[in-house]
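> Residue numbers (my numbering), protein chains in the order written: chain R, 1150 to 1413; chain V, 156 to 509; chain H, -11 to 261.
Quick reminder that beta carbons are idealized off the backbone N, C-alpha and C, glycines included.
If you're wondering where the values come from, they're calculated on a predicted model, not measured in any experiment.
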Amino acid sequence: MESHGLSKPFVALVVALYVFLLSPLAITLAISFSNDPFLGFPPEQWGTRWYGVLLGNPRFLAAFQNSLAIAATTMAVGLAAGIPAAYAIARGSFPGRDALLALFTAPLLLPSIVLGLALLLVFSQLNLASTFHGLVLAHLVVTLPYVVRIVTVGLSTIRPEYEEAAMTLGASPWRVFRRVTLPLMVPGIVGSAALTFLVSFDEVVVSLFLVGPRLTTLPVEILRYVETRTDPQVAALSVILIAITVALVVLIERSVGVMRALGR
Amino acid sequence: MSRITHTLGMAAFAAALSLGAAVPALAQEPSGEITLNAYSGIFQDNYQAAVVEPFMRRFPNIRVTYFPGQNSAQMLGQLRAQRASPQSDVVIMDVSVQRVANDEGLFARLDPALVPNLAQLFDLARPAQEGFGPAVTFDHLTVIYNTQTVNPAPTSLRDLWDARFRPSRLAILAAPDIVGLAFTILVNHTNGGDYRQNIDAGIRRLQELAPSVQTWNPNPDPYTLVVNGTVQAAIGWNARSQLYATQSQGRLGVVLPQDGSAFQINTISLVANSRNPRAAQAFINYAIGPEAQKAFTERMFYGPVNRTATIAPEALARTAAAPENMARMVAIDWALVATLRDRWNERWRREVIR
Amino acid sequence: MAALLVPALAIVAAAFLYPVATLLRMSLNEAVSGGAIREAWTIANYVGFFTDSFYLELTGSALLLAGTVTLTSLLVAYPIALFLYRWDSPWRGPLAVLTISPLLVSAVVRTYGWIIILGDRGAVNSILRGVGLAAEPIRMTNNWIGVVVGLTEVLTPYMALALIAGFGRLDRAVEEAAMTLGASPWRTFVRVTLPLSLPGIMLGCLLCFVLAISSFITPRLLGGGRVFTLATEIYEQSMLNLNWPLAATISMVMLVMFGVTLVAYGRLARRIG
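(1) Determine, using beta carbons only, whether Gln242(V) comes closer than 9 angstroms to chain R.
(2) Quick one: residues in its chain with C-beta nearer than 6 angstroms to the C-beta of Met1224(R), no 5 flanking neighbours on either side, listed in chain order?
(3) Is the CB of Leu1304(R) under 9 angstroms away from at least one CB in chain H?
(4) If you measure from the beta carbon of Val1375(R) to each beta carbon in chain V, is any gap under 9 angstroms?
(5) Taking the C-alpha atoms as reference points, what is the distance between Ser94(H) and Pro1368(R)?
(6) Within 10 angstroms of its Cβ, does Asp108(H) collect 16 or more other Cβ (buried), or is it exposed?
(7) Quick check on Pro322(V): buried or exposed, where buried means 16 or more other Cβ atoms within 10 Å of its Cβ?
(8) Counting contacts by CB-CB distance shorter than 9 angstroms, is Pro375(V) in contact with chain R?
(9) State the DSSP-derived secondary structure class of Thr1317(R), mapped to helix, strand or coil.
(10) Checking 9 angstroms against the spacing of the C-beta atoms, do Ile152(H) and Leu72(H) come in under that value?
(11) In chain order, what residues of the same chain lie with their CB nearer than 7 angstroms to the CB of Leu1193(R), ignoring the 5 residues before and after it?
(12) Whether or not the region 217 to 237 of chain V and the region 301 to 313 of chain V are in contact is what I'm after, with contact meaning three or more pairs of Cβ atoms, one per stretch, closer than 8 angstroms; do they touch?
(13) According to DSSP, simplified to helix, strand and coil, what is Arg1246(R)?
(14) Which residues does DSSP pair with Val298(V) in a beta bridge?
(15) With the cut-off set at 9 angstroms, would you say Ile1219(R) and Ser1349(R) are in Cβ contact?
(16) Residues of chain R with a CB under 8 angstroms from the CB of Val64(H): which are they?
(17) Flag Arg98(H) as yes if its beta-carbon sits less than 9 angstroms from any beta-carbon of chain R, otherwise no.
(18) Find the residues of chain V that neighbour Gly212(H), judging by a C-beta separation of less than 7 angstroms, and give them in chain order.
(19) Which residue wins for smallest C-alpha separation from Thr463(V), given the options Leu273(V), Ile247(V), Ser240(V) and Asp258(V)?
(20) Would you please verify whether the beta carbon of Leu250(H) is less than 9 angstroms from any beta carbon of chain V?
(21) What separation, rounded to the nearest whole angstrom, lies between the Cα atoms of Leu1270(R) and Leu1359(R)?
(22) Among residues of its own chain, excluding the 5 on either side of Met242(H), which ones have a beta-carbon nearer than 6 angstroms to its beta-carbon?
(23) Under 8 angstroms: do the region 424 to 433 of chain V and the region 249 to 267 of chain V share three or more Cβ pairs, one atom per stretch?
(24) Out of curiosity, what's the CA-to-CA distance linking Thr1377(R) and Gly232(V)?
(25) So which of Val1263(R), Phe1159(R) and Phe1243(R) has the shortest CA-CA distance to Phe204(H)?
(26) Taking the runs of the beta strand (DSSP E) that are 3 residues or longer, which of them lie wholly in the region 399 to 444 of chain V?
(27) Just the chain R side, please: which residues come within less than 9 angstroms of Thr401(V) by C-beta, in chain order?
(28) Would you decide whether His1282(R) is buried or exposed? Buried here means 16 or more other CB atoms lie within 10 Å of its CB.
(29) Could you tell me the alpha carbon to alpha carbon distance between Tyr1295(R) and Gly1227(R), rounded to whole angstroms?
(30) Go ahead and pull the three-state DSSP assignment for Phe210(V).
(31) Answer with yes or no whether the minimum CB distance from Thr196(V) to chain R is below 9 angstroms.
(32) Does Ile126(H) have its Cβ less than 9 angstroms from a Cβ in chain R?
(33) Would you kindly report the start and end of the unbroken alpha helix (DSSP H) that includes Thr129(H)?
(34) Using a Cβ-Cβ distance cut-off of 9 angstroms, determine whether Thr1177(R) contacts chain V.
(35) Drop a sphere of 10 angstroms on the beta-carbon of Tyr1311(R), count the other beta-carbons inside from all chains shown, and report buried for 16 or more, exposed for fewer.
(36) Any contact between the region 157 to 169 of chain H and the region 189 to 201 of chain H? By contact I mean 3 or more CB pairs, one from each, below 8 angstroms.
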């Protein structure tokens, strides 16, 4: 028996489980360097042909731009609406704050497929289906719970004594917020901003109900592509997306720390 | 009588137009952007190359965006959701679904002055409902098989029930897809049933096929699965089958089943409340015109809808229009099928798919 | 202070409460053949759902799928979480991040990866053929097995997240103390470690079960059209059959199932915690 109960068979089992967990990503990386016109492993020819095809695919490029714009707008509006709400819940003294927090978190519990259908019903009446505003609104519902939750938790870990001390020293409430509270909130805000962006950028099921001829998102285009064709182009695209995501995560880790950013 | 003279007149008018004579019939050239909603995959690739791009070269002021849809039903759903402000202008979809959209007012009637090529259509291609969109392609159901693993080749639908396809050697697109519906009608027919009465005989027989079916939802499509050997045989449409047969250098074999096949008609329609009906109808006119019909048929082997299109004989022989092919078609009243579709779909899901 | 809540409340009201109310209303309408909708106040759709053996079977198999996937995710994630809890190394943190990192990659892409791995011409069958274990490819896609494997991998990071968080609250000294007192490793695990990790297990199972019940992408891409879940059924009815009232009804049934699951979880958690 080794120290800490890490016997060899146990370590071997854990290694095998990691192989299982990471195999789809590893195989996607490998197949993206296939030059075959179809999906098969191992590829008959290796190369970067599909990266070239991908870069010349205007549909993926247009969808990528849409998804970026939607994610950025969702992030901006989500923070603008979510931070004040979180502040009111954490620092306010009105009754029913727990209920409010529960209400803001409730959309998380709604299955995406149900939310997608519900939004389709409403948006088709209001002419919001397949519009930029409609998709942003849909993504806001999906991401707002994260913002409110994370920022509220972040605020609850800031000791009110700091704010009170600043107040006693004669600072105005706005000045206290700007100089004391806000800087302490930064990790939570950055974390929820990143999460909002990533969740919106990856959202597929709700969007599937709401995209249309003039507006489609990258994840939906990827799903459509996987459903109608079998070639390694999506693998090449996935590798690029994973690289962007990793870069983003590393950037956040460098600036505030992932775990801290997620409010844990 | 008057109808014939009218038709002749229209034909002459259209001929004059297509000859490039300077006819100042249209007050102004249509321009702007339109969105075409039609099938995805290789249909899109070939339609874009054979029809959409030549059209845009002919009408440099019109930009056509091709938005692919999964199938006709999904396109109908989208039209409904966007009823008040539609995002597409022209839709290519199956005739049975088009009928529903016509009845719901989702499609608009065409202006014959803007779509003069209507006069050149075969009778079968004329709009089923007066004034609405006409047919744009003809196709028929085929049996496809992998020529390297299947020997002897199947010759009829009946052969799919052979023990050699068990287990899981087939790919069949289930209802409500049109393939599933047409297959139901044919199987029902070859087993002595009449789909207008009931499809009990067909459903019973399809149940027996279930063990041979690997997938009821072939991804990305049945042709690819046959070519790459995932399944040995499948049901498909002639045009795509022919294209894959050529592309795979004969690895995919195409059979017009001896015990019967069925026509499939794609229609082209103008969306009601389109933002640019002029450009949309210019496109429809071009799509059913001789040039586009010739190009698309020779490229993808859909049967032409235009009488005046001169198509290479070797291409025509591979389409539904070949006389020996026409003889085996089982007549289907797609308008009636549209009303039975939901019920059949329920039966498929409950009794057939396993 | 209350004014600060207005924007967020407006979003939740417009794009959450109102749509869900509309969905409930839609489930009481009547579907007419061909996809038309007749306004009505009827519970016929619900009666139809609960008296139709097809839907009851579908619900049953969806629950079975969700239960199976929850269990397999637990079996995959638990050893990993236990390892991270016991491993005394500076690499523990990075490895924990690696464990949940698949969450950053879309489920579509990961399912696509499984198609490449499990397909007839995929990696597993290539290896089996290469070593002469199977002349014919073994079928692992277009069926239940493919969906279970794919969904397990898609949901394991959630389970791992809950378990790691749960283990994080435990003190490693507890295990060591039990061993010092002479308990065998197995006994230590069963009597000490496992009970202490129960809250994490329960949270992980709740998360996975709920996500599995509403899973859509993986069954659709790996199920070959024969693995029905409530979610695929909602999509099929709303987008392909255009029966919005029925789709809304199934959505409502799903929401009630969610509610029941949450209440049951709450009760259990209180009893254990």
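Per the coordinate set shown:
(1) Translated into positions along the second sequence, residue 242(V) becomes position 87. At least one chain R Cβ lies under 9 angstroms of Gln242(V).
(2) The residue given as residue 1224(R) occupies position 75 in the first sequence. Leaving aside the five residues that flank Met1224(R) on each side, the residues in its chain whose CB is nearer than 6 angstroms to its CB run, in chain order, Ala1342, Thr1345 and Phe1346.
(3) Locating residue 1304(R) in the first sequence gives position 155, counting from the first residue. So, not an interface residue.
(4) Against the first sequence, residue 1375(R) aligns to sequence position 226. It does; some Cβ of chain V falls within 9 angstroms.
(5) As a first step, residue 94(H) must be located in the third sequence, where it is residue number 106. As a first step, residue 1368(R) must be located in the first sequence, where it is residue number 219. Between Ser94(H) and Pro1368(R), the C-alpha separation is close to 8 angstroms.
(6) As a working note, residue 108(H) is residue 120 in the third sequence. Per the 10 Å Cβ criterion, buried.
(7) In the second sequence, residue 322(V) corresponds to position 167, counting from 1. Pro322(V) comes out exposed.
(8) For the purposes of this step, residue 375(V) is identified with residue 220 of the second sequence, where counting begins at 1. At least one chain R Cβ lies under 9 angstroms of Pro375(V).
(9) Translated into the one-based positions of the first sequence, residue 1317(R) becomes position 168. Assignment of Thr1317(R) by DSSP, reduced to helix, strand and coil, places it in the helix class.
(10) Translated into positions along the third sequence, residue 152(H) becomes position 164. Translated into positions along the third sequence, residue 72(H) becomes position 84. A contact, by the Cβ cut-off of 9 angstroms.
(11) Residue mapping note: residue 1193(R) aligns to position 44 of the first sequence, counting from 1. Per the sequence shown, the amino acid found at residue 1193(R) is Glu instead of Leu. Here the set comprises Asp1185.
(12) Between the region 301 to 313 of chain V and the region 217 to 237 of chain V, the count of C-beta pairs closer than 8 angstroms stays below three; the two stretches do not touch.
(13) In the first sequence, residue 1246(R) corresponds to position 97, counting from 1. Collapsing the DSSP output to three states places Arg1246(R) in a helix.
(14) Indexing the second sequence from 1 puts residue 298(V) at position 143. Val298(V) is bridged to Ile390(V) and Val410(V).
(15) Looking up residue 1219(R) in the first sequence gives position 70. Looking up residue 1349(R) in the first sequence gives position 200. Result yes, Cβ atoms of Ile1219(R) and Ser1349(R) sit closer than 9 angstroms.
(16) As a working note, residue 64(H) is residue 76 in the third sequence. Contact note: Val64(H) reaches chain R through Leu1166, Phe1169 and Leu1170, using a C-beta cutoff of 8 angstroms and chain order.
(17) Position 110 of the third sequence, counted from the first residue, corresponds to residue 98(H). Yes, Arg98(H) counts as interfacial toward chain R.
(18) Indexing the third sequence from 1 puts residue 212(H) at position 224. Annotation: Cβ neighbours of Gly212(H) in chain V (cutoff 7 angstroms, chain order): Gln369, Thr370, Trp371 and Asn372.
(19) To locate residue 463(V), count along the second sequence from 1; it is residue 308. Measuring from the Cα of Thr463(V), the nearest candidate turns out to be Leu273(V).
(20) Indexing the third sequence from 1 puts residue 250(H) at position 262. Not a single CB atom of chain V sits nearer than 9 angstroms to the CB of Leu250(H).
(21) As a working mapping, residue 1270(R) is identified with position 121 in the first sequence. As a working mapping, residue 1359(R) is identified with position 210 in the first sequence. Our two residues, Leu1270(R) and Leu1359(R), have alpha carbons roughly 10 angstroms apart in a direct line.
(22) Within the third sequence, numbered from 1, the residue matching residue 242(H) stands at position 254. Answer for Met242(H): Leu218, listed in chain order.
(23) Yes, the region 424 to 433 of chain V is in contact with the region 249 to 267 of chain V.
(24) If you number the first sequence from 1, residue 1377(R) lands on position 228. If you number the second sequence from 1, residue 232(V) lands on position 77. So the two alpha carbons sit approximately 19 angstroms from each other.
(25) The count along the third sequence starts at 1 and reaches residue 204(H) at position 216. The shortest C-alpha separation from Phe204(H) is found at Val1263(R).
(26) Secondary structure in the region 399 to 444 of chain V: the beta strand (DSSP E) runs of 3 residues or longer, each lying completely within the stretch, are 407 to 410 and 416 to 426 in chain order.
(27) Counted from its first residue, the second sequence places residue 401(V) at position 246. Residues of chain R whose Cβ lies closer than 9 angstroms to the Cβ of Thr401(V) do not exist, since the nearest Cβ in that chain is about 15 angstroms away.
(28) Taking the first sequence and counting its residues from 1, the one referred to as residue 1282(R) is at position 133. By the 10 Å Cβ count, His1282(R) comes out exposed.
(29) Taking the first sequence and counting its residues from 1, one reaches residue 1295(R) at position 146. Taking the first sequence and counting its residues from 1, one reaches residue 1227(R) at position 78. Taking the CA atoms as reference points, Tyr1295(R) sits about 9 angstroms from Gly1227(R).
(30) Within the second sequence, the letter at position 55 stands for residue 210(V). For Phe210(V), the three-state secondary structure derived from DSSP is helix.
(31) In the second sequence, the residue the question calls residue 196(V) occupies position 41. Looking at the sequence shown, residue 196(V) is not Thr but Gly. It does; some Cβ of chain R falls within 9 angstroms.
(32) On the third sequence, residue 126(H) is found 138 positions in, with the first residue counted as 1. No, because no Cβ of chain R sits closer than 9 angstroms to the Cβ of Ile126(H).
(33) Working through the third sequence from its first residue, we reach residue 129(H) at position 141. In the DSSP annotation of this structure, Thr129(H) is not part of any alpha helix (DSSP H), being labelled neither H nor E.
(34) Against the first sequence, residue 1177(R) aligns to sequence position 28. Judged by the 9 angstroms Cβ criterion, Thr1177(R) is not in contact with chain V.
(35) Here residue 1311(R) corresponds to residue number 162 of the first sequence, with the count starting at 1. With fewer than 16 Cβ atoms within 10 Å of its Cβ, Tyr1311(R) is classed as exposed.
(36) Contact fails between the region 157 to 169 of chain H and the region 189 to 201 of chain H, because fewer than three Cβ pairs, one in each stretch, are under 8 angstroms apart.
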